[in-house]
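Chains as they are written, first to last, in our numbering: chain S, 9 to 200; chain V, 45 to 261.
Accompanying notes for the structure given below.
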């Protein structure tokens with residue numbers, strides 16, 4: 009139920025058994041079925057979700073079209089951090105692309121753990137720093153690299169996601185039309 | 045949208061709670077040992093409200109794992125066993141206990157005076173947010189929460205502010221007037237209030253349609 013969560017945690021910040029039990033007491037196990045929402049735009053994001061199993065996506069909708077901001081598969085966390093931290097309405101939706109097993113850290117659990125367990129604070133700092141770096145990378149590549157190169161680096165960095173997620177969602181993640189992505193893929197295949 | 049697991053959903057109280065909560069914006073997972081009986085409850089809900097998000101699920105652990113809120117609508121004697129079973133997946137979740145620890149002849153409680161069914165449950169589930177609710181309302185009250193022109197009160201007790209707020213909303217959805225009575229230890233009083241109501245019901249023949257109402261200015 010929490011195996012991967014603590015594996016990832018221990019990779020960054022080692023814990024004693026006792027510390028692990030203390031943190032475990034604050035975690036919420038949650039199953040989500042395919043297509044169910046973890047968060048809907050307009051709600052307040054009440055938890056950070058860690059993926060033990062399955063795949064989720066975070067996206068915004070404008071004029072009926074979806075823009076995918078992030079995917080999350082096993083070992084990743086996903087949340088509308090802005091809403092989670094400020095308590096304001098979420099601007100993103102999060103739903104399950106596959107049946108999922110999650111570990112949730114609710115806002116109140118998060119605050120209690122920050123107070124009680126310095127190692128949790130360290131882990132959170134590393135997690136949020138990592139998220140910031142990833143965001144910066146994504147932004148830089150979006151404004152400076154051609155689509156083809158971005159697609160190549162995406163499939164190289166995240167081969168699992170590229171395999172598990174439908175192409176039209178990858179197109180949405182890259183900010184291009186599905187037709188454009190399919191043209192690029194064809195061109196790349198021909199070149200091989 | 046929040047998901048609520050109702051364990052023991054085919055019983056008198058469980059089915060009454062399921063039906064009344066299906067009016068709200070919740071996803072309901074109904075669970076009971078008898079699949080055919082709980083399926084009949086789902087069908088009854090769906091026939092009255094085809095849009096209701098309700099389905100049966102055959103395992104209490106699976107139901108509770110999916111749920112944000114767990115309602116255990118089983119008699120006191122069976123409650124601990126259910127709690128043991130779903131203990132792991134109930135971590136940090138709102139866990140509503142509706143039971144009253146009545147003895148076999150309904151003239152007393154089986155719990156010691158310095159504790160309550162709810163507090164005993166909290167000891168068993170230290171990381172769940174146990175809330176006492178719906179224990180002072182009869183099953184028939186759910187179909188008729190306004191009795192003799194008065195909306196019945198429904199008392200809530202628990203130690204977690206957020207959980208109390210969540211349960212207050214549930215109680216309102218069910219048609220009762222929610223009153224947060226205090227922390228979980230107040231369950232001792234609430235459980236005895238229902239003992240009195242049951243005794244009065246039998247003595248004066250209220251036909252199991254009766255409830256509490258606090259009169260105040």
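Note that CB positions come from ideal geometry on N, CA and C, so glycine has one too.
The structure presented is a predicted model; accordingly, all values stated were derived computationally and were not measured.
Nearest to residue i by CA position, among the options, is which residue?
{"i": "residue 46 of chain S", "options": "S/14, S/106, S/70", "result": "S/106"}
{"i": "residue 259 of chain V", "options": "V/195, V/252, V/240", "result": "V/195"}
{"i": "residue 118 of chain S", "options": "V/136, V/159, V/147, V/160", "result": "V/136"}
{"i": "residue 43 of chain S", "options": "S/56, S/30, S/63", "result": "S/63"}
{"i": "residue 183 of chain V", "options": "V/105, V/97, V/117", "result": "V/117"}
{"i": "residue 89 of chain S", "options": "S/32, S/189, S/74, S/137", "result": "S/137"}
{"i": "residue 72 of chain V", "options": "V/62, V/79, V/80", "result": "V/62"}
{"i": "residue 252 of chain V", "options": "V/177, V/185, V/60", "result": "V/185"}
{"i": "residue 134 of chain V", "options": "S/169, S/39, S/134", "result": "S/39"}
{"i": "residue 116 of chain S", "options": "S/130, S/34, S/75", "result": "S/34"}
{"i": "residue 22 of chain S", "options": "S/146, S/125, S/178, S/195", "result": "S/125"}
{"i": "residue 52 of chain V", "options": "V/209, V/45, V/85", "result": "V/85"}
{"i": "residue 47 of chain V", "options": "V/102, V/92, V/110", "result": "V/110"}
{"i": "residue 176 of chain S", "options": "S/165, S/159, S/84", "result": "S/159"}
{"i": "residue 16 of chain S", "options": "S/84, S/103, S/98, S/80", "result": "S/84"}
{"i": "residue 101 of chain S", "options": "S/94, S/163, S/53", "result": "S/53"}
{"i": "residue 257 of chain V", "options": "V/241, V/228, V/246", "result": "V/241"}
{"i": "residue 229 of chain V", "options": "V/56, V/45, V/129, V/166", "result": "V/166"}
{"i": "residue 155 of chain S", "options": "S/168, S/195, S/134, S/99", "result": "S/195"}
{"i": "residue 214 of chain V", "options": "V/115, V/103, V/104, V/102", "result": "V/115"}
{"i": "residue 147 of chain S", "options": "S/9, S/25, S/30, S/78", "result": "S/78"}
{"i": "residue 75 of chain S", "options": "S/55, S/58, S/49, S/94", "result": "S/49"}
{"i": "residue 135 of chain S", "options": "S/14, S/20, S/11, S/94", "result": "S/20"}
{"i": "residue 13 of chain S", "options": "S/167, S/82, S/143, S/91", "result": "S/82"}
Does DSSP put residue i in a helix, in a strand, or in coil?
{"i": "residue 65 of chain S", "result": "strand"}
{"i": "residue 118 of chain V", "result": "coil"}
{"i": "residue 197 of chain S", "result": "helix"}
{"i": "residue 21 of chain S", "result": "coil"}
{"i": "residue 101 of chain V", "result": "coil"}
{"i": "residue 71 of chain V", "result": "strand"}
{"i": "residue 60 of chain S", "result": "strand"}
{"i": "residue 150 of chain V", "result": "coil"}
{"i": "residue 160 of chain S", "result": "helix"}
{"i": "residue 141 of chain V", "result": "strand"}
{"i": "residue 192 of chain S", "result": "helix"}
{"i": "residue 195 of chain V", "result": "strand"}
{"i": "residue 182 of chain V", "result": "coil"}
{"i": "residue 140 of chain S", "result": "helix"}
{"i": "residue 207 of chain V", "result": "helix"}
{"i": "residue 260 of chain V", "result": "coil"}
{"i": "residue 76 of chain V", "result": "coil"}
{"i": "residue 92 of chain S", "result": "helix"}
{"i": "residue 125 of chain S", "result": "coil"}
{"i": "residue 77 of chain S", "result": "strand"}
{"i": "residue 233 of chain V", "result": "helix"}
{"i": "residue 28 of chain S", "result": "helix"}
{"i": "residue 98 of chain S", "result": "coil"}
{"i": "residue 245 of chain V", "result": "helix"}
{"i": "residue 240 of chain V", "result": "helix"}
{"i": "residue 169 of chain V", "result": "coil"}
{"i": "residue 202 of chain V", "result": "strand"}
{"i": "residue 1 of chain S", "result": "Beyond the ends of chain S as shown, which are 9 and 200, falls residue 1 of chain S; an answer cannot be given."}
{"i": "residue 166 of chain S", "result": "coil"}
Below 8 Å on the Cβ atoms is my contact criterion, and I expect residue i with residue j to pass it. Report the Cβ-Cβ distance as a whole number of Å.
{"i": "residue 226 of chain V", "j": "residue 181 of chain V", "result": "Not confirmed; about 18 Å, so no contact."}
{"i": "residue 157 of chain V", "j": "residue 235 of chain V", "result": "Contact doesn't hold; Cβ gap of about 11 Å is too wide."}
{"i": "residue 82 of chain V", "j": "residue 100 of chain V", "result": "5 Å"}
{"i": "residue 68 of chain V", "j": "residue 217 of chain V", "result": "4 Å"}
{"i": "residue 200 of chain V", "j": "residue 176 of chain V", "result": "7 Å"}
{"i": "residue 60 of chain S", "j": "residue 110 of chain S", "result": "6 Å"}
{"i": "residue 113 of chain V", "j": "residue 188 of chain V", "result": "Contact flag wrong, Cβ pair sits at about 24 Å."}
{"i": "residue 244 of chain S", "j": "residue 131 of chain S", "result": "Any question about residue 244 of chain S goes unanswered here, given that chain S covers just 9 to 200."}
{"i": "residue 107 of chain V", "j": "residue 49 of chain V", "result": "4 Å"}
For a contact defined as C-beta to C-beta under 7 Å, what are the partners of residue i on chain V?
{"i": "residue 116 of chain S", "result": "206"}
{"i": "residue 127 of chain S", "result": "None at all; the shortest Cβ gap to chain V is about 19 Å."}
{"i": "residue 9 of chain S", "result": "132"}
Kindly examine the ligand SAM and report whether one of its heavy atoms sits closer than 7 Å to the Cβ of residue i.
{"i": "residue 126 of chain S", "result": "No copy of the ligand SAM occurs in the structure displayed, which carries no ligand at all."}
Along chain S, in chain order, which residues have C-beta atoms closer than 9 Å to that of residue i?
{"i": "residue 63 of chain V", "result": "What residue 63 of chain V touches in chain S: nothing, since even the nearest Cβ is about 23 Å away."}
Counting only Cβ pairs nearer than 7 Å, list the residues of chain S close to residue i.
{"i": "residue 171 of chain V", "result": "33"}
So with CB distances below 8 Å, who are the chain V contacts of residue i?
{"i": "residue 39 of chain S", "result": "106, 109, 110"}
**Asked** According to a CB-to-CB cut-off of less than 8 Å, which residues of the stretch 19 to 36 of chain S neighbour chain V?
**Response** 32, 33, 34, 35, 36
**Message:** Against chain S, which members of the stretch 125 to 144 of chain V pass a CB distance test of less than 8 Å?
**Reply:** 132, 133, 135, 136, 137
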